[in-house]
Amino acid sequence: MPKLKLDFMPEATRQNFTRLQGDPKLVGFTLVGGTALALQIGHRISEDLDFNIFGQKLPIKAIDGLLDDLASSGSTIESLITAEQKLGFKINTSENLDHYIQDYLIDGAKVTFHSRNESDRPKAQIAYLKAAPKVTVSEGGFDLLSVEGLLVMKSIVVYDRVKSRDLYDLMVLTRDHDFTLDDIFLAIKSYQPIRNKDPEHFKSVVTGVIPLDKNDEGFASIQLNVKMADIYKYFKKLINDYEIRAVQQMRPSS
């Protein structure tokens, strides 16, 4: 079992992580996102715990029990999803939003439970995430998605949102951890729906043609001294070099 880099979580997040690891109610959940990546490569502070379950709805009873246990031990728990949002979802879809996403502030740190399934994702994407390598945290609890799996998720998430931290993570993975644009474009081709298989969208996001979302969190709260201009400059060069090589490979050898 690799040694996880727990110092890359703020104290409140780290306390939640420590309390939740090994809890049997989280069997079947996988920690994803920036925190799962930071725990493995130690590239930046990450503040949220994002637990995904692949290919099924959220196990509401298990999550209820987990939250009850935390509340009984003195934790302060606040839902970040309002009753109005749940009602609107029910009216529009006849479904229970709690089956798909639950978002909480637990003792000041965000904890999310999210169902990623075939109701709104390609079958191949869900199959990959279920089969992708995982890192054991402790026996009988949640696990972590591997760095390889996180590269896939980071590559396709830019089609849903445009966040500075995702772009920073992608820069680090391609700059320092031997992943390439070929790996990214293969993930997009393999696991995105047909409407989102065009890598030009990815290129537009990472070079700043498509701007960051208006609610982007930025880097201040994670004490990261990085400028978006430098990230865009990095990706412009990476993509330019990639495209030059692609043209050269298409030319017949003399």
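Residues in the sequence shown are numbered from 853 upward in steps of one, following this note's numbering.
Cβ coordinates follow ideal geometry from the N, Cα and C atoms, glycine included.
Separation of residue j from residue i, as counted between CA atoms
i: Ala890; j: Leu949; result: 29 angstroms
i: Ser931; j: Asp1093; result: 46 angstroms
i: Ala979; j: Gln908; result: 12 angstroms
i: Ala1081; j: Ser924; result: 47 angstroms
i: Met1102; j: Asp1034; result: 16 angstroms
i: Glu1000; j: Ile1040; result: 14 angstroms
i: Thr870; j: Tyr956; result: 17 angstroms
i: Leu1019; j: Glu899; result: 16 angstroms
i: Glu936; j: Gln954; result: 14 angstroms
i: Gly917; j: Glu991; result: 19 angstroms
i: Ala914; j: Thr934; result: 21 angstroms
i: Pro1051; j: Asn1077; result: 29 angstroms
i: Ala976; j: Pro876; result: 28 angstroms
i: Val1061; j: Ile1046; result: 22 angstroms
i: Asp972; j: Gln1100; result: 39 angstroms
Any non-hydrogen atom of the ligand SAM within 6 angstroms of residue i CB
i: Leu949; result: In terms of ligand content, the structure shown is empty, and the ligand SAM therefore cannot be addressed.
Beta-carbon proximity check, residue i vs residue j, cutoff 7 angstroms
i: Ile929; j: Asn868; result: no
i: Ser967; j: Leu883; result: no
i: Phe1037; j: Thr1059; result: no
i: Ala1072; j: Gly960; result: no
i: Leu996; j: Val987; result: yes
i: Gln873; j: Val989; result: yes
i: Thr887; j: Leu878; result: no
i: Arg896; j: Ile1074; result: yes
Expected contact under 8 angstroms - CB spacing of residue i and residue j to nearest Å
i: Ile1008; j: Gln1044; result: 6 angstroms
i: Val1024; j: Val1057; result: About 16 angstroms separates the two Cβ atoms, so there is no contact after all.
i: Gly894; j: Lys857; result: 4 angstroms
i: Asn969; j: Tyr1011; result: No, Asn969 and Tyr1011 are not in contact; Cβ-Cβ is about 18 angstroms, not under 8 angstroms.
Neighbourhood of residue i by C-beta distance below 7 angstroms, restricted to the same chain and skipping five residues each side
i: Phe1031; result: Leu1003 and Leu1025
i: Asp1068; result: Lys1015 and Ser1016
Neighbourhood of residue i by C-beta, 6 angstroms cutoff - its chain only, sequence neighbours within 5 removed
i: Leu1022; result: Lys1006
i: Phe881; result: Phe903, Ile905 and Phe994
Segment limits, beta strand (DSSP E) that includes residue i
i: Ala961; result: Ala961 to Arg968
i: Leu957; result: Ile953 to Ile958
i: Ser1056; result: Note, Ser1056: premise wrong, no beta strand (DSSP E); alpha helix (DSSP H) at Pro1051 to Val1058.
i: Glu930; result: Ile929 to Ser931
i: Asn904; result: Leu901 to Phe906
i: Asp1028; result: Run containing Asp1028: none in the beta strand (DSSP E); it sits in the alpha helix (DSSP H), Ser1016 to Asp1028.
i: Val1010; result: First-last for Val1010: undefined, no H or E at that position.
i: Thr870; result: Where Thr870 is concerned, there is no enclosing beta strand (DSSP E), although the alpha helix (DSSP H) it sits in stretches over Glu863 to Leu872.
Delimiting residues of the alpha helix (DSSP H) encompassing residue i
i: Tyr980; result: Lys975 to Ala983
i: Phe1087; result: Met1080 to Met1102
i: Lys986; result: Where Lys986 is concerned, there is no enclosing alpha helix (DSSP H), although the beta strand (DSSP E) it sits in stretches over Lys986 to Thr988.
i: Asp1034; result: Leu1033 to Tyr1043
i: Ile915; result: Ile912 to Ser924
Contacting residues, own chain, Cβ-Cβ under 8 angstroms from residue i (five flanking each side not counted)
i: Met861; result: Phe869, Thr887, Ala890, Leu891, Ile897, Ser898 and Glu899
i: Leu922; result: Arg871, Ile929 and Ile958
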